[in-house]
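>
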Amino acid sequence: MQELINKTIAFVKQELQNAEAGHDWFHIKRVWKTAKNIAAEENVDLKVVEFAALLHDIADAKFHDGDEEIGPRKAGEFLKTLAVDEATITHVQQIIKNMSFKASLGDVSFSSPEMLVVQDADRLDAIGAIGIARAFTYGGYKNRELYNPEIKPEPNQSKESYKKSTAPTINHFYEKLLLLKDKMNTPTGKKLAADRHDFMVQYLTQFYAEWNGEK
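For this note's numbering, count along the sequence shown from 1 and bump the result up by 10.
(1) Let me know the secondary structure DSSP gives T44 once reduced to three states.
(2) Considering only the alpha carbon of each residue, which of N158, S121 and K17 lies closest to V94?
(3) Please state if the CB of V59 and the CB of V231 are separated by a distance shorter than 7 Å.
(4) Tell me whether M11 is buried or exposed, calling it buried when 16 or more other Cβ atoms sit within 10 Å of its Cβ.
(5) Report the CB separation of R144 from K193 in whole angstroms; it is logged as a contact under 8 Å.
(6) Give me the Cβ distance between W35 and A63, rounded to the nearest whole Å; I'm assuming they're in contact under 8 Å.
(7) Please list, in chain order, all residues of the same chain as I19 whose beta carbon is under 7 Å from its beta carbon, the five residues on each side excluded.
(8) From L190, G141 and T100, pick the residue whose C-alpha is nearest to that of S122; which is it?
(9) Does the beta-carbon of N153 have 16 or more other beta-carbons within 10 angstroms, so that it is buried, or is it exposed?
(10) Which residues bound the alpha helix (DSSP H) around T176?
(11) Which residue's Cα is closest to the Cα of N195: L126, G81 and I15?
(12) Run through DSSP, which three-state label would V128 get?
(13) Taking the alpha-carbon positions, what's the T91 to L14 distance?
(14) Confirm, please, whether the CB-CB distance from Y148 to G32 is below 7 Å.
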């Protein structure tokens with residue numbers, strides 16, 4: 011199994027060598043490590059968890075013209091080269107297709123204990139200090155405003171409106187990041203999310219104070 015994981019890591023590093031910094035190999039590595047830590051407390055198939063964590067962003071739709079099938083397809087094609095069994099491949103593909111926050115805004119057609127573990131790990135990397143850094147990195151990548159008081163957040167977006175949003179990065183806190191704490195699935199995920207959520211709240215307090223010239 012470790013040989014298959016090592017081959018998967020090498021594949022992911024190669025595929026993501028020019029990726030945007032918030033969705034690069036280091037993001038994958040953090041999610042993978044966190045997923046393994048959460049899985050240790052859950053009754054799950056670790057093989058599925060590891061493959062899904064390592065391959066979940068192999069072709070993120072937002073970097074591929076919104077194509078939500080390319081990621082699962084690419085992951086499946088790679089796993090076939092490792093001679094992974096068909097049931098595991100299908101499971102991993104379903105996790106990749108259904109685990110994202112964006113997917114949760116529409117009709118989610120699949121869930122499993124393994125998906126909930128990987129989903130928690132991925133959501134944890136979207137909040138806290140790392141989450142803040144990733145949000146502004148992506149905002150810069152898309153040339154978005156940091157903050158615009160005249161553009162109000164829309165926390166109850168549909169899947170399509172979320173995908174099309176070009177709002178300032180601060181709005182993303184209210185439209186996604188601050189919502190994740192209450193969407194965690196596992197006890198470990200919930201515990202870790204609480205601390206990271208509090209850090210984001212403190213950050214926003216400081217941000218507004220500096221924006222308004224109060225500090």
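Glycine is no exception: its CB is placed at the ideal position from the N, C-alpha and C atoms.
Straight from the coordinates:
(1) helix
(2) K17
(3) The requested residue 231 is not part of the displayed model; the chain covers only 11 to 225.
(4) Answer is exposed; the Cβ neighbour count stays below 16.
(5) Actually they do not touch by this definition, with Cβ atoms about 17 Å apart.
(6) Contact flag wrong, Cβ pair sits at about 12 Å.
(7) L64
(8) T100
(9) When all chains shown are included, N153 counts as exposed.
(10) Here T176 belongs to no alpha helix (DSSP H), and DSSP marks it neither H nor E.
(11) Nearest option by C-alpha distance: L126.
(12) If DSSP states are grouped into helix, strand and coil, V128 belongs with the helices.
(13) Looking at the two C-alpha atoms, the distance is approximately 10 Å.
(14) yes
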